[in-house]
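Asks: Counted the way numbering that gives the first Met the number 0 counts, the sequence shown spans residues 0 to 676.
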Amino acid sequence: MKKIILLFTVTQLFNIILNVSFAQRGLQTDGVVTPQNNNFNRGVLNNRSGDTSFKRRDLSQDSINIYFSTFSNNKTQILDTSISDFYARFPLSYTFNHLGNLGTAAHSLLFNPWLQAGFNPGFHQYDAYNYQLENTRLYQTTKPYTELNYLLGSSAEQIINVLHTQNKKDNINYSLEYRFINSPGILKNQNASINNTRLAFQYKSPNKQYNLTTVYISNKNASSENGGTVNAKQLDSLSLNSPFELPVRLGLGGVIRRDLFNTAVNTGNIYKQNEFVVRQEFDFGQKDSILVDSNQLKIFYPKFRLQHILNIKKQDYLFQDIYADSANYANYFNYTINSNPNSTYDTVKFKDSWNIFKNELSILSFPDKKNTSQFIKASATFENIKGSFNDSTSDNFNNIFLGGEYRNRTRNRVWDIEANAQLYIAGLNAGDYSTYATIEKSLGKKTGSLLLGFQNINKSPAFLYNNGSSFFINNRTNFNKENITKIWANYYNKDGNFKLSGSYYLLSNYLYFNNFFSVQQEAKLFNLIHVAFEKKFRLSKRLNLYSEFHFQQATANAPINIPTFFTKQRIAFEGNFYTNLFLSTGLEFRYFSNYKPSGYSPFNGQFFFQDSYSLNNRPDINFYFNFRIKTFKIYFRAENLNTLIPPSGFKQYNFSTEQYPMQTVWMRLGIFWSFIN
Numbered sequence: 000m001k002k003i004i005l006l007f008t009v010t011q012l013f014n015i016i017l018n019v020s021f022a023q024r025g026l027q028t029d030g031v032v033t034p035q036n037n038n039f040n041r042g043v044l045n046n047r048s049g050d051t052s053f054k055r056r057d058l059s060q061d062s063i064n065i066y067f068s069t070f071s072n073n074k075t076q077i078l079d080t081s082i083s084d085f086y087a088r089f090p091l092s093y094t095f096n097h098l099g100n101l102g103t104a105a106h107s108l109l110f111n112p113w114l115q116a117g118f119n120p121g122f123h124q125y126d127a128y129n130y131q132l133e134n135t136r137l138y139q140t141t142k143p144y145t146e147l148n149y150l151l152g153s154s155a156e157q158i159i160n161v162l163h164t165q166n167k168k169d170n171i172n173y174s175l176e177y178r179f180i181n182s183p184g185i186l187k188n189q190n191a192s193i194n195n196t197r198l199a200f201q202y203k204s205p206n207k208q209y210n211l212t213t214v215y216i217s218n219k220n221a222s223s224e225n226g227g228t229v230n231a232k233q234l235d236s237l238s239l240n241s242p243f244e245l246p247v248r249l250g251l252g253g254v255i256r257r258d259l260f261n262t263a264v265n266t267g268n269i270y271k272q273n274e275f276v277v278r279q280e281f282d283f284g285q286k287d288s289i290l291v292d293s294n295q296l297k298i299f300y301p302k303f304r305l306q307h308i309l310n311i312k313k314q315d316y317l318f319q320d321i322y323a324d325s326a327n328y329a330n331y332f333n334y335t336i337n338s339n340p341n342s343t344y345d346t347v348k349f350k351d352s353w354n355i356f357k358n359e360l361s362i363l364s365f366p367d368k369k370n371t372s373q374f375i376k377a378s379a380t381f382e383n384i385k386g387s388f389n390d391s392t393s394d395n396f397n398n399i400f401l402g403g404e405y406r407n408r409t410r411n412r413v414w415d416i417e418a419n420a421q422l423y424i425a426g427l428n429a430g431d432y433s434t435y436a437t438i439e440k441s442l443g444k445k446t447g448s449l450l451l452g453f454q455n456i457n458k459s460p461a462f463l464y465n466n467g468s469s470f471f472i473n474n475r476t477n478f479n480k481e482n483i484t485k486i487w488a489n490y491y492n493k494d495g496n497f498k499l500s501g502s503y504y505l506l507s508n509y510l511y512f513n514n515f516f517s518v519q520q521e522a523k524l525f526n527l528i529h530v531a532f533e534k535k536f537r538l539s540k541r542l543n544l545y546s547e548f549h550f551q552q553a554t555a556n557a558p559i560n561i562p563t564f565f566t567k568q569r570i571a572f573e574g575n576f577y578t579n580l581f582l583s584t585g586l587e588f589r590y591f592s593n594y595k596p597s598g599y600s601p602f603n604g605q606f607f608f609q610d611s612y613s614l615n616n617r618p619d620i621n622f623y624f625n626f627r628i629k630t631f632k633i634y635f636r637a638e639n640l641n642t643l644i645p646p647s648g649f650k651q652y653n654f655s656t657e658q659y660p661m662q663t664v665w666m667r668l669g670i671f672w673s674f675i676n
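As structure tokens, then:
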């Protein structure tokens, strides 16, 4: 009954919003501008003739000035209203592969190691779907702004996304983001659901000296695990032409659930992450004012800042199988279950829970009072970490670390320098450190810009590898700290519509899984290079080709599973047709060279190194048709058309890894609508 009431309420709310949107006859996407626009504080002009029948339409009522920065970077950005790239609005990047169903564990086809020092629980297979603190958007807007997005895919796949932000006053803003993903999958025991919530609040005191920012983030990933098919060759002889017929290695494999509001996980992973952050800043400096349109505008130039950040996290990582089959565990995963003779089914459960309390105190100095993008920062942080394991044992840890940072984005935008470092001086992760530095130089409008970067991380093994974790690993020992060095360069030429980049990695004591329950540390030093090239080719007035190429090569016999070559090509017929109609339609191609993909352990949530199974996939071919009328957008896609190519037709599956087939032809229809309230 509660679900029916909730569905009815959401439906009625959506209808009301639609009615409001139709009333906004002159809604203009072009009203989204940067804060430098001299119309940012323009008021609404009204026709005061008193005859409402012939009242002049004021287009300024339908325009909006909105911009944002992120929690970790104060650089001003504007909203992207383009429709060419579907993946700019899709929760999973095209550089990732999931296990055959959206919401299941995903890994990058491009080398992407964990580059953070300090405490790490060790579970990252759902990170690509989740909201993160660093990229949280902090908006400023002249009017309330709302986005409602709904995407429907084959096999009842659904994505709901809501964004609302508004300023109560010039100095107060709040925003709400919510995303729900539900996908039953094509195999037994493959259903997945994701709930992401993010709230942000900003306050700046009238005298411009005090700033308050609070952020709350909640991510819940619930994904059933089937361990893969028993025999993927049976895909060639399906009696009902549905892979749901196939037996799988884990779980009962009952009826697919189509429930929008709940997805039960009897065999699989349930991860919950909640984070609450409060950042307070108090500035000391010089007060000033300027006269704008006969109004006196107060200005404050900071010279010195005190900053405090309180970060509270609660994280739960659970794998459970309440219908465990001891024979399947022994046969497929070489894992012995202590069977219960009084029960039809055995139970397997691993659970790590964490409560993390972090206090950071910082001092910032601004050498140029008129450029807050140039500062020097020194910080000290105390971190308390409380862990609970299988709800039976617990432990308590602390960390103390120091930090320093320098940023300088010059006012003429010619130079952009960023450097930071952290050193853990005491506690669980003592001896960890990280250094990061980039320098970017604008070479001119036609020449482009060049960025050089360096990063070095010395990090403790994730706690998953620690004897205290409840997750089973059969060969735990005292592993050494990992060290990763990354050196990279990016060249971007806006006039030529291309970008060239290269990265060099040097890794020592590399720690990795080598099967479902075993870990190994590579003692030898090895390296990896990654070169990428992106360009937009204009073939005609309306026809464009978007090309992206990646080449990766690691030292011989390095314990890394990556394709040597990866490319994505999109040929698009696109442009502005009539006054308000923008269209982009065409074909997408994604291809990666044959390689040995990582295996996957559902029990520990880890992709592991293997060198016995090779992947030989066809290129992925997708058709898309996107259009925008003012703030209304439609995305239609027919994906995996490569499965229609003879001789196998619908039976020619691509694979993510061994025993994990991807979808065949997959339809998606998305409605994306923005409102100025």
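Here a beta-carbon is modelled for each residue, glycine too, at the ideal position from N, C-alpha and C.
Quick check on the DSSP output: the alpha helix (DSSP H) that includes S174 runs from which residue to which?
Replies: Within the sequence shown, the letter at position 175 stands for residue 174. No alpha helix (DSSP H) holds S174; the beta strand (DSSP E) holding it covers I171 to S182.
Asks: Should N641 and R667 be called a contact, given that it needs their Cβ atoms to be closer than 9 Å?
Replies: Counting from 1 along the sequence shown, the entry for residue 641 is found at position 642. Counting from 1 along the sequence shown, the entry for residue 667 is found at position 668. Not in contact: N641 and R667 (Cβ atoms no closer than 9 Å).
Asks: Identify every run of the beta strand (DSSP E) within the region 399-446, keeping only runs that are complete inside it and at least 3 residues long; order them along the chain.
Replies: 414-426 and 432-441
Asks: Does the count of Cβ pairs from the region 652-671 and the region 624-636 closer than 8 Å reach three?
Replies: yes
Asks: Quick one: complete beta strand (DSSP E) runs, 3+ long, within the region 462-550?
Replies: Scanning the region 462-550 for uninterrupted beta strand (DSSP E) segments of 3 residues or longer gives 481-492, 497-507, 509-512, 518-521 and 525-537, listed from N- to C-terminal end.
Asks: CA-CA distance, A429 and G598?
Replies: What you label residue 429 is simply residue 430 of the sequence shown in a count that begins at 1. What you label residue 598 is simply residue 599 of the sequence shown in a count that begins at 1. Going by the C-alpha atoms only, they are around 32 Å apart.
Asks: Measure the C-alpha to C-alpha separation of L98 and S459 and round it to an integer number of angstroms.
Replies: One-based indexing of the sequence shown puts residue 98 at position 99. One-based indexing of the sequence shown puts residue 459 at position 460. Roughly 29 Å separates the two Cα atoms.
Asks: Give me the Cα-Cα distance between Y612 and G226, rounded to the nearest whole angstrom.
Replies: As a first step, residue 612 must be located in the sequence shown, where it is residue number 613. As a first step, residue 226 must be located in the sequence shown, where it is residue number 227. Those two C-alpha atoms are separated by around 16 Å.
Asks: Considering Cα atoms alone, identify which of N265, A571 and N398 is closest to L586.
Replies: The residue labelled residue 586 in the question sits at position 587 within the sequence shown. Nearest option by C-alpha distance: A571.
Asks: Is the beta carbon of S433 less than 9 Å from the beta carbon of K440?
Replies: Taking the first residue of the sequence shown as 1, we reach residue 433 at position 434. Taking the first residue of the sequence shown as 1, we reach residue 440 at position 441. Not closer than 9 Å, so no.
Asks: Could you pull the DSSP bridge partners for E359 from this structure?
Replies: Counted from its first residue, the sequence shown places residue 359 at position 360. For E359, which the question treats as bridged, DSSP gives the partners I308 and T380.
Asks: Would you mind sorting K567 into buried or exposed? The rule is 16 or more other CB atoms within 10 Å of its CB.
Replies: Counting from one through the sequence shown, the residue named residue 567 turns up at place 568. Flag for K567 reads buried.
Asks: Shortest alpha-carbon distance to N477 belongs to which of Q651, G467 and Y623?
Replies: Indexing the sequence shown from 1 puts residue 477 at position 478. Answer by Cα proximity: G467.
Asks: Between K142, H529 and N188, which has its C-alpha nearest N166's C-alpha?
Replies: Here residue 166 refers to the residue found at position 167 when the sequence shown is read from its first residue. The candidate whose alpha carbon is nearest that of N166 is K142.
Asks: Ignore the nearest five residues each way along the sequence and tell me which others in Q319's own chain have a CB closer than 6 Å to its CB.
Replies: Against the sequence shown, residue 319 aligns to sequence position 320. If we look at Q319 and ignore the five residues flanking it on each side, its Cβ neighbours are K348.
Asks: Report the residue from A436, F624 and I185 whose alpha carbon sits nearest the alpha carbon of M661.
Replies: Here residue 661 is taken as the residue at index 662 of the sequence shown, counted from 1. Cα-wise, what sits closest to M661 is I185.
Asks: Please list the terminal residues of the continuous beta strand (DSSP E) segment that includes F96.
Replies: The count along the sequence shown starts at 1 and reaches residue 96 at position 97. In the sequence as displayed, the identity of residue 96 is Asn instead of Phe. F95 to H97 is the span of the beta strand (DSSP E), which, as asked, contains N96.
Asks: Please list, in chain order, all residues of the same chain as F565 whose beta carbon is under 6 Å from its beta carbon, the five residues on each side excluded.
Replies: Reading the sequence shown from its first residue, position 566 is the one you call residue 565. Once the five neighbours on either side are set aside, the close Cβ partners of F565 are L108, H549 and F591.
Asks: Which one of D367, Y490, L422 and T484 has the shortest CA to CA distance from L450?
Replies: Numbered from its first residue, the sequence shown carries residue 450 at position 451. Answer by Cα proximity: Y490.
Asks: Answer yes or no: do T266 and A323 have a C-beta to C-beta separation smaller than 9 Å?
Replies: Residue mapping note: residue 266 aligns to position 267 of the sequence shown, counting from 1. Residue mapping note: residue 323 aligns to position 324 of the sequence shown, counting from 1. Result yes, Cβ atoms of T266 and A323 sit closer than 9 Å.
Asks: Determine the DSSP secondary structure at Q233, reduced to helix, strand or coil.
Replies: Mapped onto the sequence shown, residue 233 falls at position 234. Q233: helix per DSSP, three-state reduction.
Asks: My output table needs one value for S154: the three-state DSSP class, helix, strand or coil.
Replies: What you label residue 154 is simply residue 155 of the sequence shown in a count that begins at 1. Of the three classes helix, strand and coil, the one that applies to S154 here is helix, per DSSP.
Asks: Work out the CA separation of N457 and L422 for me, nearest whole Å.
Replies: Locating residue 422 in the sequence shown gives position 423, counting from the first residue. Locating residue 457 in the sequence shown gives position 458, counting from the first residue. L422 and N457: Cα-Cα distance of roughly 10 Å.
Asks: Would you identify the three-state DSSP class for L44, choosing helix, strand or coil?
Replies: To locate residue 44, count along the sequence shown from 1; it is residue 45. Bear in mind that a pLDDT of 31 at L44, under 50, signals an unreliable position, so the model cannot answer this.
Asks: Is the beta carbon of Y66 sitting closer than 9 Å to the one on P90?
Replies: Numbered from 1 along the sequence shown, position 67 holds the residue referred to as residue 66. Numbered from 1 along the sequence shown, position 91 holds the residue referred to as residue 90. Going by C-beta atoms, Y66 is not nearer than 9 Å to P90.
Asks: Just confirm the distance between the C-beta atoms of F680 and V229, as a whole number of angstroms; I'd bet it's less than 8 Å.
Replies: In the structure displayed, the chain extends from 0 to 676; residue 680 sits before or after that span and is not available.
Asks: Closest to L101 by CA distance: which of Q189, T75, S174 and K297 is it?
Replies: Taking the sequence shown and counting its residues from 1, one reaches residue 101 at position 102. Nearest C-alpha to L101: Q189.
Asks: S192 to N330, Cα distance in whole Å?
Replies: In the sequence shown, residue 192 corresponds to position 193, counting from 1. In the sequence shown, residue 330 corresponds to position 331, counting from 1. The straight-line gap from Cα to Cα measures roughly 29 Å.
Asks: Rounded to a whole number of angstroms, what is the C-alpha to C-alpha distance between T140 and F453?
Replies: Sequence index remark: in the sequence shown, residue 140 carries index 141 (1-based). Sequence index remark: in the sequence shown, residue 453 carries index 454 (1-based). Taking the straight line from one Cα to the other gives about 36 Å.
Asks: Determine the contact status of S722 and N181, defining contact as a CB-CB distance below 9 Å.
Replies: Absent from the model: residue 722. The displayed extent of the chain is 0 to 676, so no value can be given.
Asks: Touch check for the region 199-212 and the region 294-302: three-plus C-beta pairs under 8 Å?
Replies: yes
Asks: Extract the residue ranges of the beta strand (DSSP E) inside the region 587-639, only unbroken runs of 3 or more that lie entirely within it.
Replies: 598-600, 605-607, 619-628 and 631-638
Asks: When DSSP labels each residue in this structure, what does S673 get in the three-state scheme?
Replies: For the purposes of this step, residue 673 is taken as the residue at position 674 of the sequence shown. S673 carries a strand assignment under DSSP once its states are collapsed to helix, strand and coil.
Asks: Output needed for R412: all residues of its chain with C-beta closer than 7 Å, excluding positions within five of it in sequence on either side, in chain order.
Replies: Taking the first residue of the sequence shown as 1, we reach residue 412 at position 413. Around R412: S441.
Asks: Ends of the alpha helix (DSSP H) at S655?
Replies: Locating residue 655 in the sequence shown gives position 656, counting from the first residue. Segment F654 to T656 is the beta strand (DSSP E) holding S655; no alpha helix (DSSP H) there.
Asks: With a threshold of 8 Å, are at least 3 pairs of Cβ atoms found where one atom belongs to the region 377-390 and the other to the region 338-357?
Replies: yes
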